[in-house]
Amino acid sequence: MADFLLELLTEEIPARMQKGARTELEKLFTRELSASGVSAGDITVWSTPRRLTLVARDLPTETEAVREEAKGPPVGAPDQAVDGFCRKNGVSRDSLEERDVKGRTTYFAVIEKPGQQVSDLLAASIPTIIRDFAWPKSMRWGEASISSESTRWVRPLSGIVALLGGEIVPVVMDGLSSGRETMGHRFHSAGPIRIDGADDYAAKLRAAHVIVDHEERAAIIRDGAKSAAEAAGLVLVVDEGLVVENAGLTEWPVPLLGRFDEEFLDVPPEVIQLTARVNQKYFVCEDASGKLANAFICTANIDAADPAVVVDGNRKVLAARLADARFFWELDQKTTLAQHATKLERITFHEKLGTVADKVERVAKLARWLCEEGIVTPRSPAKAGAQLQNEDDGLLRSQEITREELADLAEQAARLCKADLVTEMVGEFPELQGLMGGYYAEKEGLPQEVSDAIRDHYKPVGQGDEVPTAPVTVAVSLADKLDTLVSFFWVNEKPTGSKDPFALRRAAIAEARLTQDNLLRIPLLHAIAAATACLVETAMNWAGRTQAISMDTIKEWRSVIDGRDFPGRLELLDEAKVDLAEVRSEAEAAMALLRTLKVDAEAAVAKYAEILDFFADRLKVQQREAGVRHDLIDAVFALGGEDDLVRLLARVHALQSFIATDNGANLLAGYKRAANILKKEGHVTPAQAGVQSSDEDQAVLDSGLRRNDDAGLSHTPEPAEAALIAALDEAEPKATSAIEAEDFEAAMEALASLRGPIDDFFEAVIVNAEDKNVRASRLSLLARLRDAVHKVADFSRIEG
Amino acid sequence: MTKSAEWLTFLRIDLSLVRRTIDASRGIGHWLQPMATQLSSTTANPTGVPARDPSGSFQDMILTLHDFWAANGCVILQPYDMRMGAGTFHTATTLRTLGPEPWNAAFVQPCRRPTDGRYGENPNRLQHYYQYQVILKPSPSDIQDLYLESLRAIGIDPLAHDIRFVEDDWESPTLGAWGLGWEVWCDGMEVTQFTYFQQMGGFDCKPVAGELTYGLERLAMYIQGVDNVYDLAFNKQGVSYGDVFLENERQMSKWNFEVADTDALFDLFAKAEAECKNAIAADVPIAAYEQAVEASHVFNLLQARGVISVQERASYMGRVRDLARSSCEKYAEKMAPEWAEKYPGWSIQDKGASNG
Chain A
1 MADFLLELLT EEIPARMQKG ARTELEKLFT RELSASGVSA GDITVWSTPR RLTLVARDLP
61 TETEAVREEA KGPPVGAPDQ AVDGFCRKNG VSRDSLEERD VKGRTTYFAV IEKPGQQVSD
121 LLAASIPTII RDFAWPKSMR WGEASISSES TRWVRPLSGI VALLGGEIVP VVMDGLSSGR
181 ETMGHRFHSA GPIRIDGADD YAAKLRAAHV IVDHEERAAI IRDGAKSAAE AAGLVLVVDE
241 GLVVENAGLT EWPVPLLGRF DEEFLDVPPE VIQLTARVNQ KYFVCEDASG KLANAFICTA
301 NIDAADPAVV VDGNRKVLAA RLADARFFWE LDQKTTLAQH ATKLERITFH EKLGTVADKV
361 ERVAKLARWL CEEGIVTPRS PAKAGAQLQN EDDGLLRSQE ITREELADLA EQAARLCKAD
421 LVTEMVGEFP ELQGLMGGYY AEKEGLPQEV SDAIRDHYKP VGQGDEVPTA PVTVAVSLAD
481 KLDTLVSFFW VNEKPTGSKD PFALRRAAIA EARLTQDNLL RIPLLHAIAA ATACLVETAM
541 NWAGRTQAIS MDTIKEWRSV IDGRDFPGRL ELLDEAKVDL AEVRSEAEAA MALLRTLKVD
601 AEAAVAKYAE ILDFFADRLK VQQREAGVRH DLIDAVFALG GEDDLVRLLA RVHALQSFIA
661 TDNGANLLAG YKRAANILKK EGHVTPAQAG VQSSDEDQAV LDSGLRRNDD AGLSHTPEPA
721 EAALIAALDE AEPKATSAIE AEDFEAAMEA LASLRGPIDD FFEAVIVNAE DKNVRASRLS
781 LLARLRDAVH KVADFSRIEG
Chain B
801 MTKSAEWLTF LRIDLSLVRR TIDASRGIGH WLQPMATQLS STTANPTGVP ARDPSGSFQD
861 MILTLHDFWA ANGCVILQPY DMRMGAGTFH TATTLRTLGP EPWNAAFVQP CRRPTDGRYG
921 ENPNRLQHYY QYQVILKPSP SDIQDLYLES LRAIGIDPLA HDIRFVEDDW ESPTLGAWGL
981 GWEVWCDGME VTQFTYFQQM GGFDCKPVAG ELTYGLERLA MYIQGVDNVY DLAFNKQGVS
1041 YGDVFLENER QMSKWNFEVA DTDALFDLFA KAEAECKNAI AADVPIAAYE QAVEASHVFN
1101 LLQARGVISV QERASYMGRV RDLARSSCEK YAEKMAPEWA EKYPGWSIQD KGASNG
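Residue numbers (our numbering), protein chains in the order written: chain A, 1 to 800; chain B, 801 to 1156.
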């Protein structure tokens, strides 16, 4: 047994790639080993900016000899067959052995695979590992790069240390030969370091100012930054991403604390933190009260002769950056958000959809609509619990406002919500969009609800992000996402596979979370139609602006289309007389959008349904991730015709609870038995009849099935049969009214009362009676049972 | 959706056009303090001319870099005599990175960034400044060591100052070029861009060239311990950077932002574009390339005058890109026979291999 050490010395590897590189090295090494039939003990992989290191313990020094036998054709078989057998096994004919197999003399090939030196196997594998290594970006370099086939690596590869049991594994590739010498710290160490093997590697490098274990460097930075902050009487703002990044930028990390001018603290803390983190990779600190302090912590890669020199250099760089940030902060405030917003007219939102100003117009209209329709109310009924406090705030603030006032605030916030995109600060730090708008709105003295909404209207961004509850924010956020979804769907920029460039999936999930957390009752089809109407209007404006259509025509339309009925508006387009030969590319884009939107009512409804389906799909994914059984989700979704997420989910959740009970499980069993009999007897199943059929169809189906009821039974029911009829007579109206009241638990409770009668029925009654009428009557009864259950969910989709 | 909103990209200036300049953006212009250790790479000069003092004067720092790179096999070129946004535009960089022959050159290139002008009032921002470019083809295996040695030569001790190589890749759609490398940090300040060119003009670089771009004013301010660029000692006889350039900055800022006749500039752009095409048709790609450089600068001036709208900008940049790329392509095409003769088996092809 021997330990193996591999070090690939490289010019500085980008910090963000080192984690992936460690995984890749281990993966490829393991692949190569198992291809050679060698197994290793523990494998450890380390990285620094300049090296990737792998240590594999307990490798054999040679592989075992292997003897394999293969049975061939019988002696006397045609030459062709014997030769083919030899070729297949790579043996010569005269080496074949003859053995007796059940009385027939048969050829056998014996293949001896001698043991191999593991060192030789490794020597062959290392170049393969290097060539197969997948970097996010790789490059060629040096003299070898005169061919574009030369080796690619993340940055130039400058040395290979490969030692098995202390002996050099000889590798030669692209002018590099493996050896036992590596380099220490770039500045603290001069000349090559001689490595004996896996055991002295880390220690020798440590003596040369290199800590090869990335975890150890991370710990030094994490702890060092913390104690540097504490020593200054401050609290470090923990940032594990920065810890890892700095560990990837240093071989000998030394955290150092510096101070910047207190004056800069006028700038919002988020800006300071972002400047320090993104541009300079510095940590920041807070004082005891949680306020950002005028301190930063940089991580040097040297034991500096005088750390104060390094700190002061870094301080100056940060000061200049903060000076720029403060300049932007002050400059931006010289213009009101409303003035900034006018510049959005010059910014393309999407080439097929016009400008950001167009988008803002739609969001403003939709936000107002959501309030006026009473979908978002001055006090959104939010969930209890964690959000109580926020809710109280929202309540206090919004208590006195009317629906109309709420609509005004929402529209105002929406009209300003994208204005910060053209500010200097957001130009510099795009990740501050929203936040800066909120700050500027506060500075301008706009209503608190408005600045909150501007700040938070992008939320929720990802899983776990806070979901807004303040009504104005909810209205703007919902409107923004709804518009994005509907607009991109209309121009067919839909997510495909893993590609979702406009984050429509996330928008749908955000929409769903806003709806759920605030218990909003949104008739989605209606909302999609409203968003489409807004899109039509801004498309017309766009066409008018770009002179694709005369302004007179636009004005004329406007006077007619004040309502929200979308298909009605599109008929107006028929009157458009456009000479496209004259128009420029942007006007063409505007016209193309109008043409896309110019569909008849049927096509419009189909598009709405497509968007609704997209919502449903996202909701299914979201619910699955939340641990809801997918078959239960399917069972409820299969009912169709539901565009109210809150109601839909209430049903799913009630079903999940119900199925978990004995009553639920037994009802399901009874249902399945009934459904199976109906299927076997060729009774039309709901699926075949179309679960999503309209009420009218269902009514026709029902009346057909229940004809016997109307006429009265043609036979005397058996007691269990009568009991089931009675139970259904009682449970059905209860379930129906409970569903109407959206009390799905009660509906299921009503159905649960059927459990006993069903069991008894199957126990005592033969459905397949000889009398045709009796049989039909009993099948109808089962169908009635099935239909009653389907009022809650399509139980046929439920597994188990 | 909107956090990563697509439209944000429309707000940002296309840095690829200009980012190889010393001050990759306005955020980085600042300069560090006197170093406790002022160095001494002054060596006796065989000609008897006084020894260099790179930490004492701007011009001595440049001359020290010249000495250093000349001693390491570079031809020392003079600046390209045209207005350009970055040293990378110099034909010694762009065109010479095409083709198989070795090429080692170092030169100072004045860079024009009209929108960065501040009328001489900002201590860190200039519409005209210097880059020091070194181009080494093929990239030598000790290029990092050479670079660090050059820093020592001009007075930066890497045990007193924290020198770091931080990932920074480069892409210029204008030139159909990209490369991987780093920005080099000195105590947190970016002082050099270090790039291994992988493609130029849409062609694979065969072999790859290493490019070093030093920000001269920034380095000098650091080494001299000066907070205002105009306070830099230009020489040792009391001439400051301000004495040389302050009035230029005032007048040129005014001209760039306020005076330049935009009709004439639009006209110049059109003429440069036409002349570039004319030169390509006449099989003189170097002349064509010069016109592409001219068009690029005129476009920058039009930007400074604020007469190019957001929508138009993309279209103008596309036109500049077409000129630059077709000039490079024509150059490669014209030189191909000569290269093939000198390097049998070598071919310019494999065009269009993708980034990464």
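The C-beta atom is built at its ideal place from N, Cα and C for all residues, glycine as well.
All values derive from a computational prediction rather than experimental measurement.
Between S1053(B) and chain A, the shortest Cβ-Cβ separation is not below 8 angstroms. For F1057(B), no alpha helix (DSSP H) run applies, since DSSP gives it neither H nor E.
Under the DSSP assignment, C1005(B) falls in the beta strand (DSSP E) whose first and last residues are F1003 to G1015. Chain B has a Cβ within less than 8 angstroms of the Cβ of P14(A). DSSP places K1036(B) in the coil class of the three-state scheme, outside both helix and strand.
Not flagged as an interface residue toward chain A: P1137(B), since no C-beta distance is shorter than 8 angstroms. For the segment 927-948 of chain B, the set of positions with a beta-carbon nearer than 7 angstroms to some beta-carbon of chain A reads P938, S939, S941 and Q944 in chain order. With fewer than 16 other Cβ atoms from the protein chains shown falling within 10 Å of its own Cβ, L331(A) counts as exposed. Interface criterion met: the Cβ of F187(A) is under 8 angstroms from a Cβ in chain B.
Secondary structure of H790(A) (DSSP, three-state): helix. For V161(A), the enclosing beta strand (DSSP E) has its first and last residue at L157 to L164. In the same chain as Y1030(B), and ignoring 5 residues on each side of it, the C-beta atoms closer than 6 angstroms to its own belong to Y1041, G1042 and L1046, in chain order. Per DSSP, reduced to three states, the secondary structure at G313(A) is helical. With fewer than 16 other beta carbons inside 10 angstroms of its own, V101(A) counts as exposed. For a Cβ distance threshold of 9 angstroms, residue set P14 and K137 of chain A lies close to D969(B), ordered along the chain. The Cβ of W982(B) sits closer than 8 angstroms to at least one Cβ of chain A.
Around L959(B), the beta-carbon contacts reaching into chain A at under 9 angstroms are F187, H188, I302, D303, A304 and A305.
Shown here, E24(A) sits in a helix according to DSSP, grouped into three states. At least one C-beta of chain A is nearer than 8 angstroms to the C-beta of Y996(B). Spatial neighbours of T355(A) in its own chain (CB-CB distance under 8 angstroms, excluding positions within 5 residues in sequence) are listed in chain order as L344, E345, R346, I347, T348, F349 and W542.
Just so you know, the alpha carbons of V461(A) and A510(A) end up roughly 7 angstroms apart. Counting only runs of 4 or more residues that sit fully inside the segment 710-755 of chain A, the alpha helix (DSSP H) segments are 719-740 and 744-752, in chain order. At a beta-carbon threshold of 9 angstroms, the residues of chain A lying near W1146(B) are I146 and S147, ordered along the chain.
Counting the other CB atoms within 10 Å of its CB gives Q931(B) a total of 16 or more, which places it among the buried residues. A direct Cα-Cα distance of roughly 16 angstroms separates R1018(B) from R918(B). Around Y608(A), the same chain offers L525, I528, A529 and T532 as residues with beta carbons nearer than 8 angstroms, after the five sequence neighbours per side are excluded.
In this structure the segment 777-793 of chain A lies against the segment 668-676 of chain A, because at least three pairs of beta carbons, one per stretch, are closer than 8 angstroms. For M989(B), the enclosing beta strand (DSSP E) starts and ends at M989 to M1000. With contacts defined by Cβ atoms closer than 8 angstroms, M884(B) and C911(B) form a contacting pair.
Cβ contact annotation for N279(A) (same chain, cutoff 7 angstroms, sequence separation greater than five): R321, in chain order.
In the pairwise beta carbon analysis, the segment 243-263 of chain A is classified as touching the segment 289-298 of chain A: at least three pairs are separated by under 8 angstroms. In this structure the segment 631-639 of chain A does not touch the segment 718-736 of chain A; the number of beta carbon pairs closer than 8 angstroms is below three. Residue P49(A) holds the alpha-carbon nearest to the alpha-carbon of H185(A) among I111(A), H630(A) and P49(A). Rounded to the nearest whole angstrom, the CA to CA distance from D759(A) to L519(A) is 39 angstroms. H350(A) is bridged by DSSP to G354(A).
Between W982(B) and F997(B), the C-beta gap is not smaller than 8 angstroms, which leaves the two residues out of contact.
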